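Residue numbers (the numbering used here): 26 to 237.
All C-beta atoms in this analysis are idealised placements derived from N, C-alpha and C, irrespective of residue type, glycine included.
From a predicted model like this one, the values you see are computed outputs, not experimental measurements.
See structure below.
Set out below in structure tokens:
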């Protein structure tokens, strides 16, 4: 199965998430692509769309390789195996963490302003347009747990089995449409995986009352 685009992936995911209709639901999307997914789910089953902005910590000389991820509050998930294999020094990790936290702050203000999160006692659907290593979803899920939700569900269109297994350890439930044994990159499972812009995210968020 290949998704036509994020809108189709959102529609199919929403069908699987139908049992959550009517709950006090927060759909917490990871920008940028995850916001398109979250919007589609919110329109289909209801709920308040919001965003959370974890950022990948890139390896030295290879920023696409995740050595971990960081949240806006400074909490981190570190892939110790990769860090050890590459011999990444602690000073580099701290510098990369600081740089990514600046980008997190920029995006949070741009997308949702200075609102407080209200997740306590609510069902949280943490969504993205796919997952590869899982670093950003893992650090986001751990942070959501600190907010005392009633239930945490991670929902993605596609992800490899080993990553889905890791996510199952931090969520009450994981919903994934595709769990292919042969997995290269998320974009391989979309015919149209065009980049989503900041302006598109802002346009979507304005429809949910985030007037920035």
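DSSP places residue 80 within a strand segment (E or B) once states are collapsed to three.
Per DSSP, reduced to three states, the secondary structure at residue 136 is helical. By a beta-carbon distance limit of 8 Å, residue 197 does not contact residue 62. Their separation comes to about 19 Å. Close CB contacts of residue 222 within its chain, under the 8 Å cut and outside five residues either way in sequence, are with 57 (chain order).
By the neighbour-count definition (other C-beta atoms within 10 Å, threshold 16), residue 207 is an exposed residue.
Within the same chain, Cβ atoms closer than 8 Å to the Cβ of residue 204 are found at 183, 184, 185, 186, 189, the five residues on either side in sequence being excluded. Contact between residue 82 and residue 150 is ruled out by a C-beta separation of about 25 Å, above the 8 Å threshold. In this model, residue 137 and residue 87 are separated by some 30 Å (Cα to Cα). In the three-state DSSP reduction, residue 27 falls in the coil class, being neither helix nor strand. In the same chain as residue 103, and ignoring 5 residues on each side of it, the C-beta atoms closer than 8 Å to its own belong to 82, 92, 93, 118, in chain order. For the segment 107-163, the full-length alpha helix (DSSP H) segments reaching 4 residues or more read 115-137 along the chain. In this structure, residue 35 keeps its C-beta atom at 8 Å or more from the C-beta atom of residue 55.
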